[in-house]
Every structure is written in structure tokens, then in C-alpha cells.
DNA sequence: CAGTGGTCTAGACCACCAG
DNA sequence: TGGTGGTCTAGACCACTGG
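Chains as they are written, first to last, in the numbering used here: chain Y, 1 to 241; chain L, 1001 to 1241.
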């Protein structure tokens, strides 16, 4: 672990235990550098990490202030729109039980839209997966997923019933570079009515997503459709200029 | 402007004009440092900026690759969920005309929930503002906004009819440190039906938002309610480890 | 193995802010 | 004006990748 992450961790601890109280000023970077026996640039990188998390705010000429971050660091910290790694990951510390039910699992040629999203030819087959995710047995989200077959060998029911991301990450050693998401509200379609128990007037919160690998290739296009009354997404946006 | 931003701009130009083609490798940082007559750390900061924008991807041991970013750098680049600065800003390059209509503008004591969000006392008065935003005369979004009166002197109809953010920024010299957002899908309420022309079964996309000043004080709590068929939000999420 | 980006240093100067 | 964080340097070593 790099020094700046280690230092960030120490500072994080001092903020949460009140050593550095809310609304007070962090010691100046030069002093912190002396304390930890590192250069000031290393301290600055550590402080930048805390700023990204919304714990502190640095202003040129006037030091670094400890912010009251209690509001966004509570239960809501799950379901962060940035750093999303799939439902399984989001809910790994949740007491509730997440299960999956396979609605459809097939192979087909991509539509024009999906081929464009996945940056593949129309002749390149894709997996089509529809999974219902249940929380304590109650319908939670319906996921329509498309993945290029050549990138994901060996996909089967057993994988779909646990976590696709785990399979990609641990079994295939694939690494994600990032993703693009688009959030909309939608009217329920027949799938939503059948599997999410949506009534005609129940909205659906949809997250459309393309996930990219480190080599730049898209590995997944998916639409996650959520019951409006069980889920929202949150986001912390920090200015840095 | 710092050198690293200037260099980032030059590199950005070379990527978009094809000097550095998609899927090729960026010259190594040492060479770029030599070319621009700066140290390698400065080049690295420039490349980091491009990585955050999703233009390139750097991997230790293997150089920096130019990504195909055409997909998320097109029209969709408006309505970015990160770096949101109000509708006026989002639509400033849009050919359509944005107008506002004041539905309600009053002063009141905050409810318990709003006082908590704004981190103020129950006895501290707040502005309550409901504005209908129209695009080319058609209902677009309905914004319910609460702001502490003591932070925003002189708010009046003229300001509400143009851009509140402009007023805060240019007239009052207030600077934002960041914001926290929560996105949900909702059923339409009576306001939505009256002003957004929502039918009973039309979903509403709601963005709940708290905006913070540099001193850590919240200056705004708002709920922006959007017609489901006119708006979505997008987000680019880049991994950095 | 050679070559890349990631980290880190020990300085330096500067822009900015409060007093 | 004094003190802060922001930037920048000219090096160095290391971790990691691919061939």
C-alpha cells in the first residue's frame, strides 16, 4: 500500500474519532509531513483522497477544514452511483439475503443498438440474460444483460445464480476500467409487471450501463430495472478547483 | 492556468484530431516531458486528467492507451450527474429556450427534515421556492427549493426568473464545494399533474440535492422533478486502481 | 528481461487568503 | 504581511507488464 493511502487512513481515523473535530482545521501539510516523515507532496496526495470522499475541504491560502460529513456517510453510502460493482457487492454487508432467479438465458445475434453499445459486429453472438434479483425473497430488480460471447467463455446457470462480476473478476481475471451509466424513470413493461409485481402506475427506475475492460472493449450492456419504492441511487460530487 | 492543464489540453486536441489514433499508445511520459520541457510528474498529472475524462487508460508496466470515447462524448455529455451546476448551465449551449415560471415563493420556518438537511435551527427561516422550468415553452422540470435566508440576501422574482446559481455565484460571490444527490423514480403528485402535465401513470424522475459551500454550510436543499420522457442523467465512472 | 507508469523526495516558487 | 495550499522540478526507486 502506498504511503499516501496509509496516511489517508490515519487521518481518516483521527477525523472519525474526534481528534480533529468537525469544523476545525487540519494541521498544515508541512507539519503532517514532518510527523509522518514524508515529503509534503505525499501528504498532499493523502489529503486529496480525503477531499474526494468529502471529509475535508482544502482552500489555497487558508488551510484544510474538517467537514461535517455525517450526512452522506451513513446508511446511504450503499448504492453509490460511482464505484458501482453490481448488486452482490453493494449488498455484501447487508443483513438481507440476495438471491437470483434466471428468467432467460440464451445466445443470439445482437440488435444494431446492442452491437453499437458493445462495439462488436452484428455477426458476433452475445449472451442474453434476464435475471430477477430478490431481497429476502421479495422482487428487487430485474436485470437485462448482454455480453459478447467471445469475452466470457463458460458462462452457465451456476454463475448466473451467484455473481457474474465475481466470475469475471476471480475466474476469468478480467479487470474493469470503468463504466458509463444512464439513469431514467420508465413506465413498467410486461416483464416488470410479471416479475417485479409492478402495477400499471408504478414507476421503474432504470440504470442503463456499459462496462469497459482495461483494453477498452465493452464487456457488458445492461439495463437494471428497479422497483421505485425499494431503491434509489446516491452520488457525492466534489468540486476541485 | 497550470502547466498540467495546458498540456492536457494539447493532448486532448491530438486525440480528437487523430494525431494519437484510437487504440494506439500515448507516447511515454518521459518523452512527453522532454517535448513540453517539464518534469514527468507534470505530464503524469495531465494524463490523469485525461484518464478521469475517459479518454485514455494508463496501466503500470504497459503504457497509456487511447480509448474509443466517442460514445459518451457526444450529445449525452449534457446532463452529467457529476459536475451539475443547474439547468441554466446544462442548457447554455442548447438551441432550445429555457424559461421559468414561479409557482410559489415564500419564507417559512423549516420542517424538521429540511432543518436537518440544511444543518440549521428550526427557528432559522428559509426561502421556499417552487419553479416550473420550461423548454421551448413545454414543461420540463419542477423544482422545489429551500435555502437558508441568512445566506442568500436579496433574493427576488427577477433572480428566480433567470438563474439562481448565477446570482449566488456572480452577485453574492458564493462558491460551492460540492453536493450530494439522491436519484429516485416517483409517482406524480398533484403539483406534477398540474404543472408538468403528468398523467396518473406517468413516472417522475426526482433528483434530491444538497449543495454545500466552501465553508461546509449547506446552501440549498432541492427536489428536481423531471418528466420521465424528457430527461435522463448520465455518469462516467473511471476506476483508478 | 527491458521498459513502462506509480510513487516518493527535498527542495522551490507562486497564488491566494486572513489579519 | 505571513502563512497556507497549489504547482513544479530533477532526480530516484519500485511494481508491474509484456515478450
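Backbone N, C-alpha and C define an ideal beta-carbon position, used for all residues, glycine too.
Asked, Found
"Against chain Y, does residue 1237 (chain L) count as a neighbour if the rule is that its beta carbon must be under 7 Å from one of theirs?", "yes"
"With a CB to CB cut of under 7 Å and the five nearest residues on each side skipped, what residues in its chain are close to residue 1114 (chain L)?", "1126, 1146 and 1221"
"Residue 1049 (chain L) lies in the alpha helix (DSSP H); which residues open and close that run?", "1040-1052"
"Could you list the residues in the stretch 1186-1208 of chain L with a C-beta less than 7 Å from some C-beta on chain Y, going in chain order?", "1186, 1187, 1200, 1201, 1203, 1204 and 1205"
"Under three-state DSSP, which class holds residue 1006 (chain L)?", "helix"
"Which residues of the stretch 42-66 of chain Y have a Cβ closer than 7 Å to any Cβ of chain L? Give them in chain order.", "54, 57, 59 and 65"
"List, in chain order, every chain L residue whose beta-carbon is nearer than 8 Å to that of residue 81 (chain Y).", "1081, 1183, 1235 and 1237"
"Answer yes or no: do residue 1128 (chain L) and residue 1108 (chain L) have a C-beta to C-beta separation smaller than 7 Å?", "yes"
"Run down chain L in chain order and give the residues with a C-beta less than 8 Å from the C-beta of residue 84 (chain Y).", "1237"
"Between residue 1065 (chain L) and residue 1057 (chain L), is the Cβ-Cβ spacing less than 7 Å?", "yes"
"Buried or exposed: residue 1161 (chain L), going by 16 or more other Cβ atoms within 10 Å of its Cβ?", "exposed"
"Rounded to the nearest angstrom, what separates residue 1213 (chain L) and residue 52 (chain Y) at their Cα positions?", "15 Å"
"Does any C-beta atom of chain Y lie closer than 7 Å to the C-beta of residue 1039 (chain L)?", "no"
"For residue 246 (chain Y) and residue 165 (chain Y), I'd like the C-alpha separation in whole angstroms.", "Missing from the structure shown is residue 246 (chain Y); chain Y here goes from 1 to 241 and no further."
"Do residue 238 (chain Y) and residue 1178 (chain L) have their C-beta atoms within less than 7 Å of each other?", "yes"
"Listed in chain order, which residues of the stretch 166-181 of chain Y have Cβ atoms closer than 9 Å to some Cβ of chain L?", "175, 176, 177, 178, 179, 180 and 181"
"With burial defined as no fewer than 16 other Cβ atoms inside 10 Å of the residue's Cβ, what is the status of residue 1122 (chain L): buried or exposed?", "exposed"
"How is the beta strand (DSSP E) around residue 104 (chain Y) delimited, first residue to last?", "98-108"
"Is the separation between the beta-carbon of residue 3 (chain Y) and that of residue 38 (chain Y) shorter than 7 Å?", "yes"
"Any beta carbon from chain Y within less than 7 Å of residue 1228 (chain L)'s own beta carbon?", "yes"
"Which stretch, first to last residue, makes up the beta strand (DSSP E) that contains residue 1089 (chain L)?", "Unbroken run through residue 1089 (chain L) is the alpha helix (DSSP H), 1087-1090; no beta strand (DSSP E)."
"Alpha helix (DSSP H) containing residue 1142 (chain L): first to last residue?", "First-last for residue 1142 (chain L): 1138-1148, but that is the beta strand (DSSP E), not the alpha helix (DSSP H)."
"I need the DSSP call for residue 1228 (chain L), collapsed to helix, strand or coil.", "coil"
"How is residue 1013 (chain L) classed by DSSP in three states: helix, strand or coil?", "helix"
"Measuring straight from C-alpha to C-alpha, what distance separates residue 70 (chain Y) and residue 14 (chain Y)?", "15 Å"
"Which of helix, strand or coil does DSSP assign to residue 1123 (chain L)?", "coil"
"Among L:1172, L:1027, L:1080 and L:1195, which has the Cα closest to the Cα of residue 1133 (chain L)?", "L:1195"
"So, helix, strand or coil for residue 161 (chain Y), using DSSP?", "helix"
"Given that a residue counts as buried once 16 or more other Cβ atoms are within 10 Å of its Cβ, and exposed if not, what is residue 1232 (chain L)?", "buried"
"Smallest Cα separation from residue 154 (chain Y): which of Y:90, Y:172, Y:138 and Y:139?", "Y:172"
"For the structure I just gave you, are there three or more beta carbon pairs, one from the stretch 187-202 of chain Y and one from the stretch 93-100 of chain Y, closer than 8 Å?", "no"
"Please list, in chain order, the chain Y residues whose beta carbon lies closer than 8 Å to that of residue 1029 (chain L).", "The premise fails here: residue 1029 (chain L) is roughly 17 Å from chain Y at the closest Cβ pair, so nothing lies under 8 Å."
"Report the three-state DSSP secondary structure of residue 234 (chain Y) (helix, strand or coil).", "strand"
"Starting from residue 1114 (chain L) and walking both ways along the beta strand (DSSP E), at which residues does that stretch end?", "Counting along the chain, residue 1114 (chain L) falls outside any beta strand (DSSP E), though it belongs to the alpha helix (DSSP H) covering 1112-1118."
"Along chain Y, in chain order, which residues have C-beta atoms closer than 8 Å to that of residue 1023 (chain L)?", "216"
"Among Y:118, Y:141, Y:11 and Y:170, which residue has its Cα nearest to the Cα of residue 229 (chain Y)?", "Y:141"
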